[in-house]
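Q: Can you keep this structure in mind? I'll have questions shortly.
Chains as they are written, first to last, in the working numbering: chain A, 9 to 74; chain B, 3 to 205.
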């Protein structure tokens, strides 16, 4: 299946969840914002949210400093 | 309109300056990003600012933040207002000296058309993005501004028409990689430039 992540179409071999995707990318959940199909996805929903064909994800990852 | 503002008509035209002067910009955090971004905005003619920070000026801030040695120990809100008024004495500044959280962010910046995230902690940057990315306001955040050298890595990522992130995306501030004036100022100036161009593009 194909999923659009941060503006790029990315192929996925199998179904996965938002939580698994964040883990795969080795991101710290508390420093990440996920928008799923135009809606901000609360962190406690990541585990139960399956990524489906043609989903659009924006993953914003922050590092400290200002 | 004072003489400084009159001189800005040559830069932006009367119509452009009117847009700038009627915009209200909120700045969350008045450290290296927020204080320098505010200075850029005021030099560009912005008058209406909501400036939020609970902290006081420390010696360790002076390597990159828009404060002076005699302001150490004073609230950043009051100090920044003083400094900005020296650029333009006719500003309409709202100071909020309190900690911003996921619970109060939307209310604090309610009257702002644009919100600049200028926090230190990644977790705080997150709740600001979550609060404003779909708010209809312009949201400008920052991530990755520690260190020095090869400053062309500091770039703008457009998330959507009203949401932008500035920085290299990876250089986290640590003891080994501290925040310094050039990098921090570049990111702050890019944040201000996004606000300026967005306001000028509004009908």
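Note that beta-carbon positions come from the ideal geometry of N, C-alpha and C, so glycine has one too. Predicted model only: the values in this text are computed from it and were never measured.
According to DSSP, is residue 52 of chain B helix, strand or coil?
A: Stepping through the second chain from its first residue, residue 52 of chain B is reached at position 50. Looking at residue 52 of chain B - three-state DSSP - the assignment turns out to be strand.
Q: Run through the DSSP bridge pairs and tell me what residue 58 of chain B is partnered with.
A: Taking the second chain and counting its residues from 1, the one referred to as residue 58 of chain B is at position 56. Beta-bridge pairing links residue 58 of chain B to B/77.
Q: If the cut-off is 7 Å on Cβ atoms, which residues from the region 174-190 of chain B count as contacting chain A, listed in chain order?
A: Those residues of the region 174-190 of chain B that come within reach of chain A (Cβ to Cβ, closer than 7 Å) are 174, 175, 181.
Q: Spell out a yes or no on whether the region 42-53 of chain A and the region 139-151 of chain B are touching, meaning 3 or more CB-CB pairs, one atom from each, closer than 8 Å.
A: With a cut-off of 8 Å, the region 139-151 of chain B and the region 42-53 of chain A do not count as touching, because too few Cβ pairs lie within range.
Q: Which residues of chain A have a Cβ atom closer than 9 Å to the Cβ of residue 125 of chain B, listed in chain order?
A: What you label residue 125 of chain B is simply residue 123 of the second chain in a count that begins at 1. Correct list: 38, 39, 70, 72.
Q: I'd like the span of the alpha helix (DSSP H) that includes residue 35 of chain B, first residue to last.
A: Locating residue 35 of chain B in the second chain gives position 33, where the first residue counts as 1. Element bounds for residue 35 of chain B: 34-45.
Q: Residues of chain B with CB under 7 Å from residue 61 of chain A, in chain order?
A: Walking along the first chain from the start, residue 61 of chain A turns up at place 53. The premise fails here: residue 61 of chain A is roughly 22 Å from chain B at the closest Cβ pair, so nothing lies under 7 Å.
Q: For the alpha helix (DSSP H) that residue 190 of chain B lies in, which residues bound it at each end?
A: Within the second chain, residue 190 of chain B is the residue found at index 188, counting from 1. Start and end: 183-203.
Q: Which chain A residues sit within Cβ distance under 9 Å of residue 136 of chain B?
A: By one-based count along the second chain, residue 136 of chain B stands at place 134. By Cβ distance, chain A contributes 43, 46, 47, 48.
Q: Identify whether residue 24 of chain B lies in helix, strand or coil by the three-state DSSP scheme.
A: Position 22 of the second chain, counted from the start, is the residue given in the question as residue 24 of chain B. Reduced to three states, the DSSP call for residue 24 of chain B is helix.
Q: Report the three-state DSSP secondary structure of residue 151 of chain B (helix, strand or coil).
A: The residue you call residue 151 of chain B lines up with position 149 of the second chain. Looking at residue 151 of chain B - three-state DSSP - the assignment turns out to be coil, as it is neither helix nor strand.
Q: Decide yes or no for the touch test of the region 19-33 of chain A against the region 133-147 of chain B: beta carbon pairs closer than 8 Å, at least 3 of them.
A: The answer is no - the region 133-147 of chain B does not touch the region 19-33 of chain A, with fewer than three Cβ pairs under 8 Å.
Q: Which residues in the same chain have their Cβ closer than 8 Å to the Cβ of residue 63 of chain A, if we skip the five residues on either side of it in sequence?
A: Numbered from 1 along the first chain, position 55 holds the residue referred to as residue 63 of chain A. 11, 12, 44, 45, listed in sequence order.
Q: Hey, does residue 162 of chain B have any beta-carbon neighbour from chain A nearer than 9 Å?
A: Reading the second chain from its first residue, position 160 is the one you call residue 162 of chain B. Taking Cβ atoms only, chain A reaches closer than 9 Å to residue 162 of chain B, which makes this a yes.
Q: Going by C-alpha to C-alpha distance, which of B/63, B/9, B/80 sits closest to residue 2 of chain B?
A: Residue 2 of chain B is absent from the model: chain B starts at 3 and stops at 205.
Q: Which value, in whole angstroms, describes the spacing of the CA atoms of residue 68 of chain B and residue 60 of chain B?
A: Position 66 of the second chain holds residue 68 of chain B. Position 58 of the second chain holds residue 60 of chain B. Distance between the alpha carbons of residue 68 of chain B and residue 60 of chain B is about 12 Å.
Q: Below 8 Å on the Cβ atoms is my guess for residue 168 of chain B versus residue 133 of chain B; work out the distance and round it to an integer in Å.
A: Numbered from 1 along the second chain, position 166 holds the residue referred to as residue 168 of chain B. Numbered from 1 along the second chain, position 131 holds the residue referred to as residue 133 of chain B. At roughly 18 Å, the Cβ-Cβ gap does not stay under 8 Å, so residue 168 of chain B and residue 133 of chain B are not in contact.
Q: Between the region 72-91 of chain B and chain A, which residues of the former have a C-beta closer than 8 Å to a C-beta of the latter?
A: Of all residues in the region 72-91 of chain B, none has a Cβ within less than 8 Å of some Cβ in chain A.
Q: Could you pull out every unbroken beta strand (DSSP E) segment of at least 3 residues lying fully inside the region 76-157 of chain B, listed in chain order?
A: Those beta strand (DSSP E) runs which fall completely within the region 76-157 of chain B and span 3+ residues are 94-98, 116-119, 140-144.
Q: When you compare the region 194-202 of chain B with the region 173-181 of chain B, are there three or more beta-carbon pairs, one atom per stretch, that lie closer than 8 Å?
A: Output reads no: the region 173-181 of chain B does not touch the region 194-202 of chain B.
Q: Using a Cβ-Cβ cut-off of less than 8 Å, give me the residues of the region 16-37 of chain B that come near chain A, in sequence order.
A: If the cut-off is 8 Å between Cβ atoms, the region 16-37 of chain B has 31, 33, 34, 35, 36 near chain A.
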